[in-house]
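Going by our numbering, the first residue of the sequence shown is number 5, and it counts up by one from there. Yeah, the Cβ is synthetic: ideal placement off N, Cα and C, and Gly gets one too. Each remark here refers to the structure printed beneath this line.
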Amino acid sequence: MSRPTPLARRLVAIEKQRDSRRLMHAHRLTDGRTVRLSTLDVLEALHDGLALHGHHVTEPPSDVVRCLALLAPDDDTSMMGRLTRSVAAEWCAAYDEGRAVSLHDGEEADG
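Next comes the structure, spelled out in structure tokens:
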């Protein structure tokens, strides 16, 4: 098997770099800052936050979670954007207030 040429290695490196950039997105925060967050980090924070429902948070939320809690409401108005922002905000509030995370308003859905 032959080794790739320097040009082929460089093209592969450029593709990897471009792919990694695609996973980073700029988000506007309510305090006026703009941060770049990885889509994978955002999804991990959302997954972890959803798993915290009903549990007391003993460790401080990560910087990613704190940033997500500060997302400007008009930055992402999609269902996922609203869900991510609200889960992160509840996670931070529960930690700051020393209470359990509550991801619903206490009303049960009609089944």
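The alpha-carbon separation between R70 and R14 amounts to approximately 37 Å.
Ranked by Cα distance from R103, the options P64, T88, S6, I18 are led by P64. Apart from sequence neighbours up to five positions away, the residues of its chain that approach L27 with a beta-carbon distance below 8 Å are S42, T43, L44, ordered along the chain. Comparing C-alpha distances from L47 to each of T88, S106, D100 shows the shortest one belongs to T88. In this structure, A98 lies away from V39, with their beta-carbon atoms at least 7 Å apart.
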